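Protein chains: 2
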Amino acid sequence: MKPTLLDCTLRDGGNQNDWQFTATDVHTIVSTLDAARVDVIEVGYRGGSGSKSSATAGPSAHCTPEYLAALPAVSHAELAVMVVPTVCPVTAMDDLPDSPVSLVRIAAYPWNIDGVPEYVRAVRALGLKVGVNLMAVSYTTLEQLAEVAAVVAGEAPDVFYIADSFGALTPDDVRRRIELLAERLPTPLGIHAHNNLGLAAANAVAGLDAGVSWLDASLCAMARGAGNLATEQAAAFLTAWPKYDTHADLPLVCEAAEYVAEQVLPRPMTVRRAEIAAGINDHHFYFQDRIEKISARHGLDPWEVGRRIGAARPRKVLDETVEDVCRELAGQTEHTNGGDA
Amino acid sequence: MKPTLLDCTLRDGGNQNDWQFTATDVHTIVSTLDAARVDVIEVGYRGGSGSKSSATAGPSAHCTPEYLAALPAVSHAELAVMVVPTVCPVTAMDDLPDSPVSLVRIAAYPWNIDGVPEYVRAVRALGLKVGVNLMAVSYTTLEQLAEVAAVVAGEAPDVFYIADSFGALTPDDVRRRIELLAERLPTPLGIHAHNNLGLAAANAVAGLDAGVSWLDASLCAMARGAGNLATEQAAAFLTAWPKYDTHADLPLVCEAAEYVAEQVLPRPMTVRRAEIAAGINDHHFYFQDRIEKISARHGLDPWEVGRRIGAARPRKVLDETVEDVCRELAGQTEHTNGGDA
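What follows is the structure, given as structure tokens:
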């Protein structure tokens, strides 16, 4: 089996550096990965990532026509962009057929999946390939995932991804979700894994075992928080593993990764306490800092506060969301202490 | 299932810092992991690691009676030391019953497994628990592994580990080896995984699926090269995964890992080109630097030189071993070029 390896360094990796890749970075990453025969290179978001920093974000957060026109020519790889329907109007994709991009990935949360079919049809009408990425998949039960699948099944996208945005899934969770989707969707499946529990590779492997044929990865695991499956590690294990096959030239993929390690990443990606806390508590890593600061102000355990936040499966976590949880928890603690006294 | 989690930071991690842990490091690591209820804490090698730097190595490379006597008292964890029969005489273990150590792990390569039974019996005679760690397991075929198992089967050690010293195994390789051992050994099985292909966690998970009940790990993955499965990541995924259970208190394990990240490791563990090359080529990481230097001198591709070294499965790689491979490879290249001309 020859999985399709998709590198998303310039897109998801941009969460680490506010998409401030230089023109040299973009040129080196795209041309080295193309020479290495990585199947798909995702060059950024079209029209913004939807995260707060979008206004200050660098070129690969927007993928303007000028940015796309300046990309180096590719010989092997397909180029992709990601579109988030809640921030990018459907008509803002109209110029993409004039660009070197041939695949558009539509990213949505379970709670706004209904907006996706219109985008899938629009991309198809432009003559481009289209993928759908379901973010925050750990927030859906199997029943809810089946409902999501029903929304996109009729559109038959070229690939349907589950994204473990919070790095909260175990390999068993992945297996159950992929098996369910394989029964309900006529399309190839993909997995975008995050490493908060150190399971990015184990989850990718479980996905492959269960029927996934597309793997997301980023050089040096570059992405928010604990990062993704590392492209060079994915290329390495696909090369080492007899039952898999890969187009990728491992030494050249490693060359691209060395460039990112030395020229792009301010420090290596790590799985530290904060990343683990977000993964185990099942919430977005970018809420973790807020949870720690507000918990400290209340003298509360940030692990317990985070656990309650994740269990509530909030769509957004604002300061007041955390304040509310802290006040509730403090009240219960006082009450318990009172009872003991 | 409640796997036994063994932290080997002070032993295998010492390969990163020549075992130069300060008394404070040792005290903090042991007492924090004990409070976190990690099952076993390996506090070092008794009598040397067998690697070149042993003469200059710090306290946990030797585990003198004084070092062991100075360890903090533990309430939950068992303490272990590792013994390498080729560097530590069997009688050098005689004082261990007077120490807080209750488990001795005997480490051997497939080619010196015959020396192990004497050590197992000696440890048993001292009234201590005993484990056997088979290093370089990727150098054994399944048939050879069966022969190794036959040598130790009669001794019935308390645990038998496979150590993927070169980080070269895939999850399928682990599964096949564990299934074979489970059929042939009446003892609990363990896995010591290295992360050269980014598969330390995936291999540990495959091991657990196939019947492993002991997991080696080290804080922040601290060990030579790409390092081990990280203890805090192991504790995290065992906590997150309903079918497993763990004694470990995750926030406290993370506290121990933060200490190592901030006070012990000069930089985070990474899986860079050199680590991947050693893993994919199936040889010890500490030969990689030599392979790169000598290949460069000959103007040869270090990936190809490394591949030939690993394929030869050498017990030691000296400068002249690499020189020989380079001369052979250069000869073939010249010959091929000559034929083309």
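Line order of the protein sequences matches chains W and H. Counting along the first sequence from 1, when you hit position 82 you're at 82 in the numbering used here, and nothing is skipped either side. Counting along the second sequence from 1, when you hit position 182 you're at 523 in the numbering used here, and nothing is skipped either side. Just so you know, even glycine gets a beta-carbon here, dropped at the ideal spot from N, CA and C. The structure displayed is predicted, hence computed values, not measured ones.
Is it the case that the Cβ atoms of residue i and residue j are separated by a distance below 7 Å?
{"i": "Gly472 (chain H)", "j": "Pro498 (chain H)", "result": "yes"}
{"i": "Trp360 (chain H)", "j": "Gly389 (chain H)", "result": "no"}
{"i": "Leu309 (chain H)", "j": "Leu641 (chain H)", "result": "The structure shown does not extend to residue 309 (chain H), since chain H spans only 342 to 682, so no value can be given for it."}
{"i": "Phe628 (chain H)", "j": "Arg565 (chain H)", "result": "no"}
{"i": "Gly391 (chain H)", "j": "Pro426 (chain H)", "result": "no"}
{"i": "Glu520 (chain H)", "j": "Ala541 (chain H)", "result": "no"}
{"i": "Ile276 (chain W)", "j": "Ala581 (chain H)", "result": "no"}
{"i": "Leu526 (chain H)", "j": "Ala494 (chain H)", "result": "yes"}
{"i": "Met135 (chain W)", "j": "Ala107 (chain W)", "result": "yes"}
{"i": "Val492 (chain H)", "j": "Ile454 (chain H)", "result": "yes"}
{"i": "Ala202 (chain W)", "j": "Ala543 (chain H)", "result": "yes"}
{"i": "Asp25 (chain W)", "j": "Val264 (chain W)", "result": "yes"}
{"i": "Ala545 (chain H)", "j": "Met610 (chain H)", "result": "no"}
Would you grab the beta carbon distance between residue i and residue j for me? Rounded to a whole angstrom, and I think it's under 8 Å.
{"i": "Gly44 (chain W)", "j": "Val81 (chain W)", "result": "6 Å"}
{"i": "Cys349 (chain H)", "j": "Ser559 (chain H)", "result": "5 Å"}
{"i": "Ala571 (chain H)", "j": "Val271 (chain W)", "result": "7 Å"}
{"i": "Val415 (chain H)", "j": "Pro441 (chain H)", "result": "7 Å"}
Could you give the distance in angstroms between the alpha-carbon of residue i and the alpha-carbon of residue j?
{"i": "Glu42 (chain W)", "j": "Val83 (chain W)", "result": "11 Å"}
{"i": "Gly306 (chain W)", "j": "Asp324 (chain W)", "result": "12 Å"}
{"i": "Ala261 (chain W)", "j": "Leu33 (chain W)", "result": "15 Å"}
{"i": "Gln574 (chain H)", "j": "Pro171 (chain W)", "result": "14 Å"}
{"i": "His368 (chain H)", "j": "Pro413 (chain H)", "result": "6 Å"}
{"i": "Val253 (chain W)", "j": "Met434 (chain H)", "result": "48 Å"}
{"i": "Ser689 (chain H)", "j": "Glu78 (chain W)", "result": "Because chain H here runs from 342 to 682, residue 689 (chain H) falls outside it and cannot be looked at."}
{"i": "Ala619 (chain H)", "j": "Thr662 (chain H)", "result": "16 Å"}
{"i": "Gly701 (chain H)", "j": "Pro438 (chain H)", "result": "Any property of residue 701 (chain H) remains undetermined from this structure, which presents chain H solely from 342 to 682."}
{"i": "Pro643 (chain H)", "j": "Cys326 (chain W)", "result": "56 Å"}
{"i": "Ser213 (chain W)", "j": "Ala206 (chain W)", "result": "12 Å"}
{"i": "Arg517 (chain H)", "j": "Met1 (chain W)", "result": "20 Å"}
{"i": "Ala226 (chain W)", "j": "Val371 (chain H)", "result": "26 Å"}
{"i": "Lys293 (chain W)", "j": "Ala274 (chain W)", "result": "12 Å"}
{"i": "Ala682 (chain H)", "j": "Arg638 (chain H)", "result": "Because Ala682 (chain H) sits at a pLDDT of 38, beneath the cut-off of 50, its placement in the model cannot be relied upon, and the following sentence gives the value as read from the coordinates. Looking at the two C-alpha atoms, the distance is approximately 25 Å."}
{"i": "Gly198 (chain W)", "j": "Ala377 (chain H)", "result": "19 Å"}
{"i": "Pro430 (chain H)", "j": "Glu459 (chain H)", "result": "11 Å"}
{"i": "Glu645 (chain H)", "j": "Ser636 (chain H)", "result": "9 Å"}
{"i": "Phe362 (chain H)", "j": "Pro266 (chain W)", "result": "27 Å"}
{"i": "Trp452 (chain H)", "j": "Asp436 (chain H)", "result": "28 Å"}
{"i": "Phe578 (chain H)", "j": "Tyr450 (chain H)", "result": "30 Å"}
{"i": "Asn196 (chain W)", "j": "Gly672 (chain H)", "result": "48 Å"}
{"i": "Ala3 (chain W)", "j": "Leu250 (chain W)", "result": "Ala is not the amino acid found at residue 3 (chain W); the sequence shown has Pro there. Cα-Cα distance, rounded: 15 Å."}
{"i": "Ala257 (chain W)", "j": "Thr432 (chain H)", "result": "49 Å"}
{"i": "Pro583 (chain H)", "j": "Ile309 (chain W)", "result": "20 Å"}
{"i": "Asp245 (chain W)", "j": "Thr397 (chain H)", "result": "45 Å"}
{"i": "Glu484 (chain H)", "j": "Glu496 (chain H)", "result": "20 Å"}
{"i": "Lys129 (chain W)", "j": "Asp289 (chain W)", "result": "38 Å"}
{"i": "Ser395 (chain H)", "j": "Ala411 (chain H)", "result": "21 Å"}
{"i": "Asp282 (chain W)", "j": "Asn569 (chain H)", "result": "25 Å"}
{"i": "Arg387 (chain H)", "j": "Leu522 (chain H)", "result": "27 Å"}
{"i": "Leu5 (chain W)", "j": "Arg121 (chain W)", "result": "25 Å"}
Name, in chain order, the residues that DSSP records as bridge partners for residue i.
{"i": "Tyr502 (chain H)", "result": "H:Asn474 and H:Gly531"}
{"i": "Ala421 (chain H)", "result": "H:Glu383 and H:Leu444"}
{"i": "Asn228 (chain W)", "result": "W:His194"}
{"i": "Trp111 (chain W)", "result": "For Trp111 (chain W), which the question treats as bridged, DSSP gives no partner whatsoever."}
{"i": "Ser218 (chain W)", "result": "W:Ala230"}
{"i": "Thr270 (chain W)", "result": "Answer by DSSP bridge pairing: none, since Thr270 (chain W) is not bridged."}
{"i": "Thr4 (chain W)", "result": "W:Trp214"}
Between the Cα of residue i and those of the options, spot the shortest distance and give me the residue it belongs to.
{"i": "Ala23 (chain W)", "options": "W:Ser99, W:Met1 and W:Glu66", "result": "W:Glu66"}
{"i": "Val515 (chain H)", "options": "H:His535, H:Glu496, H:Pro527 and H:Val500", "result": "H:His535"}
{"i": "Ile162 (chain W)", "options": "W:Val264, W:Gly154, W:Tyr244 and W:Leu208", "result": "W:Leu208"}
{"i": "Arg313 (chain W)", "options": "W:Phe166, W:Val120, W:Thr246 and W:Thr187", "result": "W:Phe166"}
{"i": "Ala589 (chain H)", "options": "H:Leu540, H:Pro430, H:Leu556 and H:Arg565", "result": "H:Leu556"}
{"i": "Arg352 (chain H)", "options": "H:Ser372, H:Pro413, H:Arg446 and H:Ala410", "result": "H:Arg446"}
{"i": "Leu409 (chain H)", "options": "H:Ser443, H:Val500 and H:Ala376", "result": "H:Ser443"}
{"i": "Ala490 (chain H)", "options": "H:Leu579, H:Ala433, H:Pro529 and H:Cys595", "result": "H:Pro529"}
{"i": "Asn17 (chain W)", "options": "W:Cys326, W:Glu155 and W:Ala61", "result": "W:Ala61"}
{"i": "Lys657 (chain H)", "options": "H:Gly672, H:Ile632, H:Thr674 and H:Gln673", "result": "H:Ile632"}
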